[in-house]
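Colleague: One structure, pasted below without further comment.
There are 2 protein chains.
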Amino acid sequence: MRVTAKTIAKQLNMSPATVDRVLHNRGGVKPKTVNKVLAKAEELNYTPNKSASFLAKKKLVKVAFVLPEYPEYFWKEIERGIDNALEDITDYGFHVDIKKTSHTIEHQLETVHTIINSGEYDGMVICPKDGVSLTNIIESAVNNDFPIFTFNNDSPESGRISYVGANYYDAGKLAGDLASKFTGESKRFAIIIDEADTYQMKQKRKGFEAFTLENGDVDFVKLLRLDNQSMSASLEKVRQNIADVDSVYVACGALAEVAEQVKQMESNKPVLIGHDLNDAVYHQLQEDIVTATICQDPHYQGSLAVRLAFNYLMLDKLPEKEDNVVKLEIVTKGNAKYYLN
Amino acid sequence: MRVTAKTIAKQLNMSPATVDRVLHNRGGVKPKTVNKVLAKAEELNYTPNKSASFLAKKKLVKVAFVLPEYPEYFWKEIERGIDNALEDITDYGFHVDIKKTSHTIEHQLETVHTIINSGEYDGMVICPKDGVSLTNIIESAVNNDFPIFTFNNDSPESGRISYVGANYYDAGKLAGDLASKFTGESKRFAIIIDEADTYQMKQKRKGFEAFTLENGDVDFVKLLRLDNQSMSASLEKVRQNIADVDSVYVACGALAEVAEQVKQMESNKPVLIGHDLNDAVYHQLQEDIVTATICQDPHYQGSLAVRLAFNYLMLDKLPEKEDNVVKLEIVTKGNAKYYLN
DNA sequence: CTGTTAGCGCTTTCAA
DNA sequence: TTGAAAGCGCTAACAG
Numbered sequence: 003m004r005v006t007a008k009t010i011a012k013q014l015n016m017s018p019a020t021v022d023r024v025l026h027n028r029g030g031v032k033p034k035t036v037n038k039v040l041a042k043a044e045e046l047n048y049t050p051n052k053s054a055s056f057l058a059k060k061k062l063v064k065v066a067f068v069l070p071e072y073p074e075y076f077w078k079e080i081e082r083g084i085d086n087a088l089e090d091i092t093d094y095g096f097h098v099d100i101k102k103t104s105h106t107i108e109h110q111l112e113t114v115h116t117i118i119n120s121g122e123y124d125g126m127v128i129c130p131k132d133g134v135s136l137t138n139i140i141e142s143a144v145n146n147d148f149p150i151f152t153f154n155n156d157s158p159e160s161g162r163i164s165y166v167g168a169n170y171y172d173a174g175k176l177a178g179d180l181a182s183k184f185t186g187e188s189k190r191f192a193i194i195i196d197e198a199d200t201y202q203m204k205q206k207r208k209g210f211e212a213f214t215l216e217n218g219d220v221d222f223v224k225l226l227r228l229d230n231q232s233m234s235a236s237l238e239k240v241r242q243n244i245a246d247v248d249s250v251y252v253a254c255g256a257l258a259e260v261a262e263q264v265k266q267m268e269s270n271k272p273v274l275i276g277h278d279l280n281d282a283v284y285h286q287l288q289e290d291i292v293t294a295t296i297c298q299d300p301h302y303q304g305s306l307a308v309r310l311a312f313n314y315l316m317l318d319k320l321p322e323k324e325d326n327v328v329k330l331e332i333v334t335k336g337n338a339k340y341y342l343n
Numbered sequence: 003m004r005v006t007a008k009t010i011a012k013q014l015n016m017s018p019a020t021v022d023r024v025l026h027n028r029g030g031v032k033p034k035t036v037n038k039v040l041a042k043a044e045e046l047n048y049t050p051n052k053s054a055s056f057l058a059k060k061k062l063v064k065v066a067f068v069l070p071e072y073p074e075y076f077w078k079e080i081e082r083g084i085d086n087a088l089e090d091i092t093d094y095g096f097h098v099d100i101k102k103t104s105h106t107i108e109h110q111l112e113t114v115h116t117i118i119n120s121g122e123y124d125g126m127v128i129c130p131k132d133g134v135s136l137t138n139i140i141e142s143a144v145n146n147d148f149p150i151f152t153f154n155n156d157s158p159e160s161g162r163i164s165y166v167g168a169n170y171y172d173a174g175k176l177a178g179d180l181a182s183k184f185t186g187e188s189k190r191f192a193i194i195i196d197e198a199d200t201y202q203m204k205q206k207r208k209g210f211e212a213f214t215l216e217n218g219d220v221d222f223v224k225l226l227r228l229d230n231q232s233m234s235a236s237l238e239k240v241r242q243n244i245a246d247v248d249s250v251y252v253a254c255g256a257l258a259e260v261a262e263q264v265k266q267m268e269s270n271k272p273v274l275i276g277h278d279l280n281d282a283v284y285h286q287l288q289e290d291i292v293t294a295t296i297c298q299d300p301h302y303q304g305s306l307a308v309r310l311a312f313n314y315l316m317l318d319k320l321p322e323k324e325d326n327v328v329k330l331e332i333v334t335k336g337n338a339k340y341y342l343n
């Protein structure tokens with residue numbers, strides 16, 4: 003038989019309601035009774051049944067996830083993680099709406115506004131296009147008891163409940179570590195960024211450079227910039243600029259494109275390192291054009307965010323940490339298949 | 003409001019009991035009624051509430067996990083994964099007992115016997131010491147409607163419901179891939195096994211050798227064997243034998259011990275690759291004695307096993323695949339901290 | 001300070 | 001072939 007609140011009540015000759023009051027310290031119970039109940043609960047090893055509890059509370063909570071559209075393969079994985087974590091807890095009354103926002107910050111700001119003002123939601127998880135420009139809106143929402151979590155990209159000044167995502171400085175450092183391990187005596191490196199030069203990218207670059215500074219045997223690090231307006235021209239230029247380099251680290255989203263350039267080089271192909279995995283990169287790994295790519299388990303990241311929001315909103319449990327940093331994973335030819343889909 | 007079975011019943015002027023019968027095709031319902039209910043459920047986008055369902059069924063299920071004691075750090079991680087997956091579903095009436103078995107196969111066989119005959123359990127998840135010697139007992143149990151899942155180590159001939167664990171052949175191949183990438187022109191390799199030479203180790207070796215065969219630029223692969231009886235002597239011997247080698251792959255559990263030997267070498271320290279991560283290996287990664295270690299996400303592995311058993315026993319859902327292969331992860335100095343604890 | 005009662009969404013008798 | 005009723009473990013409103 004199961005040990006329930008009723009079991010405790012029966013053994014102590016009182017009503018389940020009193021037991022419930024004690025178990026949730028709702029107050030208004032004689033201290034002596036409190037102690038008796040607590041002792042009995044301990045003795046019988048009582049654990050409350052969440053299922054029954056949520057069922058009885060009939061509380062409904064809805065949170066909005068505000069996510070970018072691109073890169074699609076990445077956010078699809080995140081969504082899988084979200085859905086997975088939702089599997090059991092939708093039955094508890096916890097629901098999620100995913101809102102995609104396009105390129106512009108304006109659009110994102112507007113979306114956020116709408117969500118907060120609609121009164122439909124009890125909280126929000128957001129991947130800010132730009133942490134700084136969202137600081138104010140997040141701050142005022144949080145102060146008005148509308149909890150917001152940041153995701154994948156932080157807005158540290160905003161007072162968000164907590165952040166879930168990778169540490170991009172570490173990611174850059176890891177890239178440096180790999181570049182160094184995959185090359186021989188000569189260590190002439192290049193790092194490729196694009197003009198957006200977001201916070202994430204800056205961090206990656208800092209981390210990569212920090213690594214090379216700490217490791218005296220690196221000859222140099224060349225900084226190359228892609229121009230989104232004239233992509234093919236700037237890719238061409240990159241190809242020329244990496245002819246004298248032993249390893250290239252693509253810190254922006256253009257790994258596959260750069261790889262195509264490397265493929266065309268006749269000799270001295272550099273070791274190529276980048277981020278994330280899509281079909282193109284998968285094949286380039288198999289062809290040994292890309293040596294390694296650094297991934298962050300998007301599936302786990304998604305489910306962690308759901309869990310934190312759930313704990314906060316339905317269990318009144320604060321996240322243990324302000325930063326919930328997710329694993330950085332190294333993917334090569336040998337283990338890439340585990341990371342696809 | 004929520005859409006419940008009652009909602010459907012009301013809209014169709016019938017009782018919730020009939021709706022329930024249809025939803026679970028328990029039979030004894032007029033085809034016309036069946037269709038009406040199904041259509042309504044579809045129309046209202048009805049989803050059953052698992053919480054309420056389990057609560058009402060009051061079914062209790064208990065499964066035994068039979069796991070080895072060593073290496074402790076590995077099984078501790080697995081247990082964390084198990085506990086994690088259990089978090090919500092214990093409230094559904096699904097319980098797990100973990101039984102540790104010591105070194106001998108006899109002890110494990112006995113434990114398995116006891117579990118099956120006790121009548122206390124509804125199923126079992128086991129990490130066989132040796133798949134072959136457990137074939138018979140698993141087979142007869144499964145035939146007697148006592149479902150058994152294998153874990154971490156398979157017993158493919160036994161008719162187990164399904165297997166959860168890594169593909170060790172692939173692990174060996176991955177080690178080959180890494181050894182090759184981390185070395186320069188000269189590729190003289192050694193692989194270290196121990197006398198136990200279990201199925202897992204054989205597979206790793208095969209995979210490693212397969213990789214080197216496919217890659218013509220590998221000079222040779224030396225096979226070295228550790229002797230558990232005279233560990234220090236054989237470690238010494240290993241040290242002498244790897245003096246002329248560019249990379250060493252430790253396929254057995256002695257990565258940290260071999261690393262200590264490598265540390266003592268004055269020059270030509272080979273690239274060291276092995277499996278799993280404990281405190282010792284963590285430090286050896288930081289010191290650049292170990293270059294990389296291959297891990298299988300034990301946390302995920304544990305929770306997957308729980309989920310499969312739960313689905314099978316409580317949801318009557320068969321696993322989609324016979325082999326549930328878990329990810330192989332590459333850990334280096336740069337990302338090791340994410341894998342500790 | 002404590003007990004009674006009804007009900008969450010679902011399943012399971014039992015009766016019709 | 002269908003319905004009524006009770007109950008899973010917990011909570012909430014109301015009464016006392």
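Chains as they are written, first to last, in my numbering: chain A, 3 to 343; chain B, 3 to 343. C-beta: ideal position from N, C-alpha, C; glycine also.
Do Ser182/B and Lys175/B have their C-beta atoms within less than 8 Å of each other?
Modeller: Numbered from its first residue, the second sequence carries residue 182/B at position 180. Numbered from its first residue, the second sequence carries residue 175/B at position 173. Cβ distance not < 8 Å, so Ser182/B and Lys175/B don't count as in contact.
Colleague: Do the segment 63 to 75 of chain A and the segment 126 to 135 of chain A touch if we need at least three Cβ pairs shorter than 8 Å?
Modeller: With the cut-off at 8 Å, the segment 63 to 75 of chain A and the segment 126 to 135 of chain A touch.
Colleague: Which word fits Arg207/A, buried or exposed, when buried means at least 16 other C-beta atoms lie within 10 angstroms of its C-beta?
Modeller: The count along the first sequence starts at 1 and reaches residue 207/A at position 205. Its Cβ being crowded by 16 or more others within 10 Å, Arg207/A is buried.
Colleague: Verify whether the separation of the beta carbon atoms of Phe213/B and Asp179/B is less than 8 Å.
Modeller: Here residue 213/B corresponds to residue number 211 of the second sequence, with the count starting at 1. Here residue 179/B corresponds to residue number 177 of the second sequence, with the count starting at 1. It is a contact, given that the beta carbons lie within the stated cut-off.
Colleague: Measure the CB-CB distance between Ser157/B and Thr137/B and report whether it falls below 8 Å.
Modeller: On the second sequence, position 155 is the one that residue 157/B refers to. On the second sequence, position 135 is the one that residue 137/B refers to. Against a cut-off of 8 Å, the Cβ pair of Thr137/B and Ser157/B comes out as a contact.
Colleague: Would you kindly check if the distance between the Cβ of Val264/B and the Cβ of Ile296/B is under 8 Å?
Modeller: Looking up residue 296/B in the second sequence gives position 294. Looking up residue 264/B in the second sequence gives position 262. No, the Cβ-Cβ distance between Ile296/B and Val264/B is not below 8 Å.
Colleague: Given a limit of 9 Å on CB to CB distance, which residues of the segment 92 to 107 of chain B reach chain A?
Modeller: Answer set for the segment 92 to 107 of chain B: Thr92, Asp93, Tyr94 and Gly95.
Colleague: Output the distance between the C-alpha atoms of Ile150/A and Asp85/A, rounded to the nearest integer angstrom.
Modeller: Position 148 of the first sequence holds residue 150/A. Position 83 of the first sequence holds residue 85/A. For Ile150/A and Asp85/A, the distance between alpha carbons rounds to 19 Å.
Colleague: Would you list, in sequence order, the uninterrupted beta strand (DSSP E) runs of no fewer than 3 residues that lie entirely inside the segment 125 to 155 of chain B?
Modeller: Within the segment 125 to 155 of chain B, the complete beta strand (DSSP E) runs of at least 3 residues are 125 to 128 and 150 to 153.
Colleague: Compare the beta carbon distance of Lys329/A and Tyr340/B with 8 Å and say whether it is the shorter of the two.
Modeller: For the purposes of this step, residue 329/A is taken as the residue at position 327 of the first sequence. For the purposes of this step, residue 340/B is taken as the residue at position 338 of the second sequence. Result yes, Cβ atoms of Lys329/A and Tyr340/B sit closer than 8 Å.
Colleague: Looking at the C-beta of Phe312/A, does it have a partner C-beta in chain B at a distance below 8 Å?
Modeller: Within the first sequence, the letter at position 310 stands for residue 312/A. Closer than 8 Å: no.
Colleague: Express the C-alpha separation of Ile10/B and Asp22/B in angstroms, rounding to a whole number.
Modeller: Stepping through the second sequence from its first residue, residue 22/B is reached at position 20. Stepping through the second sequence from its first residue, residue 10/B is reached at position 8. One C-alpha to the other measures close to 10 Å.
Colleague: Would the beta-carbon of Gly95/B fall within 8 Å of that of Gln303/B?
Modeller: Counting from 1 along the second sequence, the entry for residue 95/B is found at position 93. Counting from 1 along the second sequence, the entry for residue 303/B is found at position 301. No.
Colleague: Residue range of the alpha helix (DSSP H) that Pro70/B falls in?
Modeller: Taking the first residue of the second sequence as 1, we reach residue 70/B at position 68. Note, Pro70/B: premise wrong, no alpha helix (DSSP H); beta strand (DSSP E) at Val63 to Pro70.
Colleague: So for Asp99/B, helix, strand or coil by DSSP?
Modeller: Position 97 of the second sequence, counted from the start, is the residue given in the question as residue 99/B. Here Asp99/B sits in strand by DSSP.
Colleague: Can you tell me whether Ser164/A is buried or exposed, with buried defined as 16 or more other CB within 10 angstroms of its CB?
Modeller: Taking the first sequence and counting its residues from 1, one reaches residue 164/A at position 162. It counts as buried.
Colleague: Identify which residue in Glu89/B, Ala41/B, Asp99/B and Ala253/B has its Cα closest to the Cα of Tyr170/B.
Modeller: On the second sequence, residue 170/B is found 168 positions in, with the first residue counted as 1. Comparing Cα-Cα distances from Tyr170/B to each of Glu89/B, Ala41/B, Asp99/B and Ala253/B, the minimum goes to Ala253/B.
Colleague: For Lys59/A, I'd like the list of residues in its chain whose CB is within less than 8 Å of its CB, leaving aside the five on either flank, ordered along the chain.
Modeller: One-based indexing of the first sequence puts residue 59/A at position 57. Correct list, in chain order: Gly95.
Colleague: What's the C-alpha gap between Gln298/B and Val283/B?
Modeller: For the purposes of this step, residue 298/B is taken as residue 296 along the second sequence, with counting starting at 1. For the purposes of this step, residue 283/B is taken as residue 281 along the second sequence, with counting starting at 1. Approximately 15 Å between the Cα atoms of the pair.
Colleague: In this structure, what does DSSP give as the bridge partners for Gly276/A?
Modeller: Indexing the first sequence from 1 puts residue 276/A at position 274. Gly276/A is bridged to Thr295/A.
Colleague: Which of helix, strand or coil does DSSP assign to Lys224/A?
Modeller: As a first step, residue 224/A must be located in the first sequence, where it is residue number 222. Lys224/A falls in the strand class under three-state DSSP.
Colleague: Does the segment 221 to 241 of chain A come close enough to the segment 189 to 205 of chain A that 3 or more CB-CB pairs lie under 8 Å?
Modeller: Yes: at least three Cβ pairs fall under 8 Å.
Colleague: Can the beta-carbon of Ala338/B be found less than 8 Å from the beta-carbon of Leu287/B?
Modeller: Here residue 338/B is taken as the residue at index 336 of the second sequence, counted from 1. Here residue 287/B is taken as the residue at index 285 of the second sequence, counted from 1. It is a contact, given that the beta carbons lie within the stated cut-off.
Colleague: Check the Cβ of Tyr1/A against every Cβ in chain B and list those closer than 7 Å, keeping chain order.
Modeller: Since the first residue shown for chain A is 3 and the last is 343, residue 1/A is missing from the structure and cannot be characterised.
Colleague: Roughly how many angstroms separate the alpha carbons of Thr334/B and Leu57/A, rounded to a whole number?
Modeller: As a position in the second sequence, residue 334/B is number 332, starting the count at 1. As a position in the first sequence, residue 57/A is number 55, starting the count at 1. Each residue's Cα considered, the two are about 46 Å apart.
Colleague: By DSSP's criteria, Glu2/B is part of a beta bridge. Which residues make up the other side?
Modeller: Nothing about residue 2/B can be read from this structure; chain B reaches only from 3 to 343.
Colleague: Checking contacts by CB at 8 Å: is Asp90/B closer than that to chain A?
Modeller: By 1-based counting over the second sequence, the position of residue 90/B is 88. At least one chain A Cβ lies under 8 Å of Asp90/B.
Colleague: Quick check: is any heavy atom of the ligand SAM less than 7 Å from the C-beta of Gly255/B?
Modeller: Ligands displayed in this structure: none; no statement on the ligand SAM is therefore possible.
Colleague: Taking Tyr167/A as part of the beta strand (DSSP E), name the residues at either end of that continuous run.
Modeller: Mapped onto the first sequence, residue 167/A falls at position 165. A small fix is needed here, since residue 167/A is Gly in this sequence, not Tyr. Note, Gly167/A: beta strand (DSSP E), Tyr165 to Gly167.
Colleague: Would Ser92/B pass as a contact of Lys101/B if the rule is Cβ separation under 8 Å?
Modeller: Here residue 92/B corresponds to residue number 90 of the second sequence, with the count starting at 1. Here residue 101/B corresponds to residue number 99 of the second sequence, with the count starting at 1. The sequence as given places Thr at residue 92/B; Ser does not occur at that position. No; because the gap between Cβ atoms is not below 8 Å, this pair is not in contact.
Colleague: I want to see whether chain A comes within less than 8 Å of Ser269/B, judged by CB atoms only; does it?
Modeller: Counting from one through the second sequence, the residue named residue 269/B turns up at place 267. No, Ser269/B does not count as interfacial toward chain A.
Colleague: Give a yes or no on whether 8 Å exceeds the smallest Cβ distance from Leu57/B to chain A.
Modeller: Taking the first residue of the second sequence as position 1, residue 57/B is located at position 55. Yes, Leu57/B counts as interfacial toward chain A.
Colleague: Hey, does Ala344/A have any beta-carbon neighbour from chain B nearer than 8 Å?
Modeller: This structure gives no information on residue 344/A, because the portion of chain A shown stretches from 3 to 343.
Colleague: Does the distance from the CB of Gly161/A to the CB of Val144/A come in under 8 Å?
Modeller: Locating residue 161/A in the first sequence gives position 159, counting from the first residue. Locating residue 144/A in the first sequence gives position 142, counting from the first residue. Cβ atoms of Gly161/A and Val144/A: closer than 8 Å.
Colleague: So, is the C-beta of Lys189/B closer than 8 Å to a C-beta in chain A?
Modeller: Here the question's residue 189/B lines up with position 187 in the second sequence. With 8 Å as the cut-off, Lys189/B does not count as an interface residue toward chain A.
Colleague: Give the secondary structure of Val283/B by DSSP, where H, G and I count as helix, E and B as strand, and everything else as coil.
Modeller: As a first step, residue 283/B is located in the second sequence; it is residue number 281 there, counting from the start. Of the three classes helix, strand and coil, the one that applies to Val283/B here is helix, per DSSP.
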